[in-house]
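Q:
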Amino acid sequence: MPTREKTLLRFVTTGSVDDGKSTLIGRLLYETKSIFEDQYAAVEKTSKKRGQDEVDLALLLDGLSTEREQGITIDVAYRYFESPNRKFIIADTPGHVQYTRNTVTGASTSELAIILIDARNGVLTQSRRHGIIISLLQIPHLIVAINKMDLVDYSEEVYKDIVSTYQDFSEKLDIHDIVFIPVSALKGDNVTAKSDNMSWYEGSTLLHYLETVHVTADRNLLDFRFPVQNVIRPHLDFRGFAGRITSGTINAGEEIAILPSGRTSTVESIVTYDNELKEAFAPQSVVLTLADKIDISRGDMIVRKNNLPQIENHIEAIICWMDEEAISNGNPYILKHTTKYVKAFIPRILYKIDVNTLHREKTDTLSLNEIARVEIRTASPLFFDSYKNNHGTGSFILIDPYTSNTVAAGMIRGPARTIDELAEKTEAKASQKKSPHTVWSGWNIPKKTREERNGHKAAVLWFTGYSGSGKSTIARNLEKTLFAAGCHTMLLDGDTIRHGLCGDLGFSNEDRSENIRRAGEAAKLFFESGDIVICAFISPFERDRAFARALIPKDRFFEIYTKCSLDVCKRRDPNGLYKKVKNGEIKEFTGISSHYEEPQAPEIIAETDLRTVDDIVTEITGIIKEKEIIK
Amino acid sequence: MNSYSFPYLKQLESESIHIMREVVAEFKNPVMLYSVGKDSSVMVRLAQKAFYPGKFPFPLMHIDTGYKFPEMYEFRDRFCEEIGATLIVERNEEWIAKGCHPLKLGTDKCCWYLKTQGLLDALKKHDFDAAFGGARREEEKSRAKERVFSIRDEFGQWDPKNQRPELWDLYNTRLNEGQTVRVFPLSNWTEVDIWNYIRMENIPVVPIYFAREREVIARNGILIPVSAFSTVQDDENSHYNNEKIRKINCRFRSLGCIPCTGAIPSESTTLDDLIIEVINTRKSERENRVIDLGSDAAMEDKKKEGYF
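So the protein sequences, as listed, match chains A and B. For the first sequence, the working numbering gives the first residue as 1133, with consecutive numbering after it. For the second sequence, the working numbering gives the first residue as 1292, with consecutive numbering after it.
Okay, here's the thing in structure tokens:
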């Protein structure tokens, strides 16, 4: 049946009272036949009673009688509709009262956001505020719907003006995918059907975009995280651990580790009511049984042995305060993270973020609807990833132990830094204060402008593989080919990085991670400068590569796995390194003493033991041409 | 890569299972409210899945008014026995004995005594701290603002303006003294989803969801089954003396007490027909529920008092 194959898209709509949000949602529901006659009749009756001439579609959306009486919306409401390909859940958030709290709540479960802008008013403070909250919540896709085009004579100029103003602003935000759609919710232009009044607009309609936007790739399928919810013990012979896979995938037979005990075992079976699974993935709810008898309880986390989350009891996070009562620095809160409750203190508020401008302000307190970066100490360690990499293990809520209210929503940035580092940071911040616009205002010359002059798009081609697998050889040949074709290129490899930028690092796992972190950041700088950046690093750990990937927009990062058997690498041994390992001159070496994690889903696999260098270079240039990086 | 794509119904299923497991982990004495309808049937299947290969570790409770369809009682008892579930049936005997009936007291009062009061008394009697309900946000507009974990005060009342924000899938399960919680694992399901899932999973439902010829009278645009009045103890035939009995093909779209549950004209005798009918209908699911038609805010008022 078609319905079974339908996918789900959750999105949040934000907008103010008068920019037509209710009309837009009403229009989507109406045109997808999701409003029923009797529901319509009920609001028709209410509209008449109130003396309104036309049926007020907004009444369909206001659920509570107090709201209908006062003509305002006071809380997040959920709406449902479907098209032939997708089911949609809308988190409809009101535009004024408790704005931040409601938008954060609605956005927390959304994969896409729609911001409405009234074409007559252009980009207002609130349009920026919406963008900032959506960026903080790391929603990957944003639609800016420029509404009421009918009231500006469907003017392309007005549209273009708003687009360019908003683009300038959104450079500061952490949202990679933004589309602009000119609509008239009232008349129906470009909502579900292409408008005849705006022939100059070549993009898709709102509904078409919602139906086709690709969201599967936003799921984290790399880092297996399984917070244990319950232990299932129907009889003495069965002991299973129930939970929902937060991220990643797992196979029966794989080696796992249990946090916090650190004990290891293998997955014996993946049990579900329907059948036993060979492989399970996020967000499936399953029961795992393990080969060994290990004491595991709710709140523990099962992960892959070679891919651990961070384990800390002192973290930094962005929190949104949601309670009437202001924050208390001294009293404990209860923190819920995955399936675990822990006691938590907030020793320090680093700064408050003005949601209208992104400016940081010093503060000692935090009240309803305010957002801040804080330090948190927990009574026992959390097993987490940064919110940016993993929403499921990077989010938490704070609960007041006295009222039991949910008082804050939190997004983990990472471990808290040491006092020295913090002092350094504060100083840097102070010096930036003189010209605040340099703090967050993106690049001086937009990447797009640079790309236009270069005649090609910026991209990062990231080679990973064993030493001797041919990364550098292919990278060097590829760069020469691209350079000869007139491209702006930059090559970063172990030699260029380790001789300068990373001269202080060795080859321990920690240093390797730091090396890749710096390489990724350096690649990003060249990327922003419009270059095609070719990186060749062993980069053995999935997490480090994921980090580098996360710095670059999705369709501009190409992971290229130079696949080659270790035996061939050893035979090639271009720099004599394997020999040195054999002689004991080098202690830590990938493939010998330390582990290499194969890429799970590289964009390109180059089998260097089977194909020639020229062949592979031709293939890669073909692929980036196809992806419209080069012409 | 495609093997990781996840169909919508499986995603809803996984979320509901997650919710049920959270409740069992965090509450001392949960119960599942079982109304015998299609949503209850789906909820029970999800509970079976959530704790498989174990049995779900809570009883089912039916708040009976005595006015349900005979097919419902029959189905309830057989179904619960087949799956080996513990079934608790609670009735407000005092008011049933007094002959509480919508045609005498009005629907609001009748609902209050037999359903709302019946439920609150039963929760107290068994000391349940969490109760699963099959309500869905799509059903009715005041339910659109309901939380998955809905906190009730010691009188079972819902305060819509003072709800906890629900973020990600992190449910705050902490209660204050005297508070209980209603948990709605089907919050994000729609009527069409429920039927599609019933078909996909081959879940048994009460046969009166399907069309056949029935005797009805039309009252205020609602088709009330004639059998409605046979359940009234006294002066049983007086209520439809002058009304015309008609025989038409019809079915029940949502199930409640006989006097307050209208039938809808329908030819859907199979699940496939029924799903197509539900997809194409231009009327909302509770169109046939007399109890919702009192006013634009009828459901909201009942909910505030402790109704589902």
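By construction, the Cβ of each residue, glycine as well, lies at the ideal position given by its N, Cα and C atoms. Remember, predicted model here, so these are calculated numbers, not experimental data.
Measuring alpha carbon to alpha carbon, tell me which residue in E1558(B), D1368(B), T1552(B) and I1567(B) is nearest I1379(B).
A: Start at 1 with the first residue of the second sequence, and residue 1379(B) comes out as number 88. Here the closest residue by C-alpha is D1368(B).
Q: Would the beta-carbon of I1648(A) fall within 8 Å of that of E1611(A)?
A: The residue given as residue 1648(A) occupies position 516 in the first sequence. The residue given as residue 1611(A) occupies position 479 in the first sequence. Not in contact: I1648(A) and E1611(A) (Cβ atoms no closer than 8 Å).
Q: Going by CA-CA distance only, name the one from P1479(A), V1506(A), T1470(A) and K1472(A) that's closest to I1485(A).
A: As a first step, residue 1485(A) must be located in the first sequence, where it is residue number 353. When only C-alpha atoms are compared, the closest one is V1506(A).
Q: Excluding sequence positions up to five away, which residues of its chain have a Cβ less than 8 Å from the Cβ of E1506(B)?
A: Residue 1506(B) sits at position 215 when you count from the first residue of the second sequence. So the qualifying residues of the chain are P1516, V1517, S1518, I1536, R1537 and K1538.
Q: Within the same chain, show all residues whose beta-carbon is closer than 7 Å to that of A1548(A), passing over the 5 residues directly before and after it, in chain order.
A: Taking the first sequence and counting its residues from 1, one reaches residue 1548(A) at position 416. H1446, I1447, E1448 and E1507.
Q: Does DSSP classify K1472(A) as helix, strand or coil?
A: Here the question's residue 1472(A) lines up with position 340 in the first sequence. Strand, per DSSP.
Q: Which residues, in order along the stretch 1727–1756 of chain A, keep a beta-carbon less than 8 Å from a beta-carbon of chain B?
A: A1733
Q: I need the DSSP call for R1260(A), collapsed to helix, strand or coil.
A: By 1-based counting over the first sequence, the position of residue 1260(A) is 128. Here R1260(A) sits in helix by DSSP.
Q: With a threshold of 8 Å between beta-carbons, can Q1448(B) be considered close to chain A, or not?
A: Within the second sequence, the letter at position 157 stands for residue 1448(B). Output row for Q1448(B): interface = no.
Q: Taking C-alpha atoms, which residue in K1165(A), A1223(A) and K1695(A) lies nearest to L1458(B)?
A: The residue labelled residue 1458(B) in the question sits at position 167 within the second sequence. L1458(B) has its Cα closest to that of A1223(A), out of K1165(A), A1223(A) and K1695(A).
Q: Would you call the stretch 1495–1503 of chain A in contact with the stretch 1449–1464 of chain A, where contact means no fewer than 3 C-beta pairs closer than 8 Å?
A: yes
Q: Does the distance from the C-beta atom of I1664(A) to that of H1620(A) stay below 8 Å?
A: Here residue 1664(A) refers to the residue found at position 532 of the first sequence. Here residue 1620(A) refers to the residue found at position 488 of the first sequence. Contact flag set, yes.
Q: Ends of the alpha helix (DSSP H) at K1613(B)?
A: In the structure as shown, chain B begins at 1292 and stops at 1599. Residue 1613(B) is therefore absent and cannot be evaluated.
Q: Could you spell out where the beta strand (DSSP E) holding Y1333(A) opens and where it closes?
A: Locating residue 1333(A) in the first sequence gives position 201, where the first residue counts as 1. No beta strand (DSSP E) contains Y1333(A), which DSSP labels as neither H nor E.
Q: With DSSP as the reference, identify every bridge partner of V1472(B), one or two as the case may be.
A: For the purposes of this step, residue 1472(B) is identified with residue 181 of the second sequence, where counting begins at 1. Beta-bridge partners of V1472(B) (DSSP): A1421(B) and I1442(B).
Q: Please classify P1498(B): is it buried, with 16 or more other beta-carbons within 10 angstroms of its beta-carbon, or exposed?
A: The sequence position of residue 1498(B) within the second sequence is 207, counting from 1. P1498(B) is exposed by the Cβ-count criterion.
Q: Is Q1302(B) close to chain A? Criterion is C-beta to C-beta, closer than 8 Å.
A: To locate residue 1302(B), count along the second sequence from 1; it is residue 11. Yes, contact with chain A.
Q: Buried or exposed: D1526(B), going by 16 or more other Cβ atoms within 10 Å of its Cβ?
A: Position 235 of the second sequence, counted from the first residue, corresponds to residue 1526(B). Low local confidence applies: a pLDDT of 46 at D1526(B) is under 50, so the model's placement there is unreliable, with the coordinate-based value given in what follows. With fewer than 16 other Cβ atoms within 10 Å, it is exposed.
Q: Using DSSP with H/G/I as helix, E/B as strand and the rest coil, what is H1353(B)?
A: In the second sequence, the residue the question calls residue 1353(B) occupies position 62. It is a strand residue.
Q: Unbroken alpha helix (DSSP H) runs of length 4 or more, entirely within the stretch 1448–1518 of chain B: which are they?
A: Counting only runs of 4 or more, we get 1482–1492.
Q: Hey, is N1467(B)'s beta-carbon within less than 8 Å of any beta-carbon in chain A?
A: For this step, residue 1467(B) is matched to residue 176 along the second sequence. The beta-carbon of N1467(B) is placed less than 8 Å from the nearest beta-carbon of chain A.
Q: Answer with buried or exposed for N1463(B), where buried requires no fewer than 16 other C-beta atoms within 10 angstroms of its C-beta.
A: Numbered from its first residue, the second sequence carries residue 1463(B) at position 172. Label assigned to N1463(B): buried.
Q: CB-CB under 6 Å to E1163(A), same chain, minus the five flanking residues each way: which ones, in chain order?
A: Position 31 of the first sequence, counted from the first residue, corresponds to residue 1163(A). Closer than 6 Å at Cβ, skipping near neighbours: T1324.
Q: Can you find a CB in chain A that lies within less than 8 Å of the CB of T1481(B)?
A: As a first step, residue 1481(B) is located in the second sequence; it is residue number 190 there, counting from the start. Yes, T1481(B) lies at the interface with chain A (some Cβ there is under 8 Å from its Cβ).
Q: Quick one: list the residues of chain B neighbouring T1139(A), beta-carbon separation under 9 Å, in chain order.
A: Within the first sequence, residue 1139(A) is the residue found at index 7, counting from 1. Residues of chain B passing the Cβ test: S1296, F1297, P1298, Y1299 and Q1302.
Q: For the structure I just gave you, are there three or more beta carbon pairs, one from the stretch 1443–1459 of chain B and one from the stretch 1324–1334 of chain B, closer than 8 Å?
A: no
Q: Can you tell me which of the three DSSP states L1368(A) falls into?
A: Position 236 of the first sequence, counted from the start, is the residue given in the question as residue 1368(A). The answer is coil: DSSP assigns L1368(A) none of H, G, I, E or B.
Q: Can you tell me where the beta strand (DSSP E) with R1542(B) in it begins and where it stops?
A: For the purposes of this step, residue 1542(B) is identified with residue 251 of the second sequence, where counting begins at 1. Its beta strand (DSSP E) spans residues R1537 to R1542.
Q: Go through its chain and collect everything with a Cβ distance to D1676(A)'s Cβ below 6 Å, but skip five positions before and after it.
A: Looking up residue 1676(A) in the first sequence gives position 544. Contacts found: S1645 and I1648.
Q: Looking at the strands, I want to know which residues DSSP matches up with A1276(A).
A: Residue numbering aside, residue 1276(A) sits at position 144 when the first sequence is read from its first letter. One detail in the question is off: residue 1276(A) reads as Val in this sequence, not Ala. Paired residue(s): I1247(A) and F1312(A).
Q: Return the residue from the list R1573(B), P1550(B) and D1418(B) that minimises the CA-CA distance to P1393(B).
A: As a working mapping, residue 1393(B) is identified with position 102 in the second sequence. Looking at the Cα atoms, P1550(B) is the closest of the given residues.
Q: For S1575(B) and chain A, any beta-carbon pair shorter than 8 Å?
A: Indexing the second sequence from 1 puts residue 1575(B) at position 284. Flagged as an interface residue toward chain A: S1575(B), by a C-beta distance shorter than 8 Å.
Q: Hey, is R1252(A) close to the ligand FAD, as in C-beta under 7 Å from one of its heavy atoms?
A: In the structure shown, the ligand FAD is absent, as is every other ligand, since no ligand is present at all.
Q: Quick one: what's I1481(A) bridged to in DSSP?
A: Counting from 1 along the first sequence, the entry for residue 1481(A) is found at position 349. I1481(A) pairs with V1506(A).
Q: In chain B, which residues lie with their C-beta within 7 Å of the C-beta of L1514(A)?
A: Along the first sequence, one-based indexing puts residue 1514(A) at 382. Going along chain B, no residue has its Cβ under 7 Å from L1514(A), so there is no contact; the nearest lies around 13 Å.
Q: Per the contact definition of three or more C-beta pairs closer than 8 Å, is the stretch 1411–1431 of chain B in contact with the stretch 1462–1481 of chain B?
A: With the cut-off at 8 Å, the stretch 1462–1481 of chain B and the stretch 1411–1431 of chain B touch.
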